Amino acid sequence: MPSLFAGFYADSNDWLSHGGNILSRRYADRERKISPETVSKLRLKWKFDAGRDITATLLVFDGAVYFPSWDGYLYAVKESDGSLIWKRNLQQLTGINPTGVIFNVNVNVTASRTTPTIADDLLIVGFSGPAVVVAVKQSNGDLVWSTLLDDNPAG
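Numbered per full-length UniProt numbering, the sequence shown finishes at 155, counting up by one with no gaps.
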């Protein structure tokens, strides 16, 4: 019997949600390079310095890796070599002032703790304190829309 969610379960090189797919398995179905026999041969392919820690699970889609960071930016880097495609200041995108302290970490920047998601050519990411959702163009990070969901600073 066909499933309404068949596309969410399909094998894919893309990582489209916090857990990878609708099942949140955190498992890459097509990964065949990592095994007990090959693990000792693994080498760093590339690295990217986001200034501070990355605040959410990465989203991998169509050759790009998207993520927010504690440095107050939303990033897009090339999956192939880790080079920067674009970065956008989250405070400028949202209008949210820095949030103070989150989980015993002094935060002097606007930060997101959510994995971005994809809708058509948009990258959508949420914020708390106050609750805001923004959509930017995947290609360049330009703001398309921003919606305030709740103005309570506790988010």
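All residues carry an ideal CB built from backbone N, CA and C; glycine is no exception. Given the structure is predicted, the values throughout are model-derived calculations rather than measurements.
Close Cβ partners of residue i (< 7 Å) along its chain, the five nearest in sequence each way excluded
i    : result
V125 : P68, L74, S112, T114, P116, V134
W46  : D81, G82
7 Å Cβ cutoff met for residue i and residue j
i           : j    : result
residue 171 : A64  : An answer regarding residue 171 cannot be provided, because it is not within the stretch 1 to 155 covered by the chain.
L149        : V136 : no
F48         : G72  : no
W70         : T55  : yes
Cut-off 8 Å between Cβ atoms - residues of its own chain near residue i, not counting five sequence neighbours on either side
i   : result
T94 : T110, F127, V132, V134, S146
Continuous alpha helix (DSSP H) stretch holding residue i: start and end
i   : result
T94 : 90-94
Limits of the unbroken beta strand (DSSP E) element including residue i
i    : result
S80  : Note, S80: premise wrong, no beta strand (DSSP E); not H, not E.
V39  : Counting along the chain, V39 falls outside any beta strand (DSSP E), and DSSP gives it neither H nor E.
S146 : 143-150
I118 : 117-119
Same chain, Cβ closer than 6 Å to residue i, neighbours up to 5 away in sequence not counted
i    : result
G141 : W86, R88
Where residue i falls, given that 16 or more other Cβ within 10 Å makes a residue buried
i   : result
T38 : exposed
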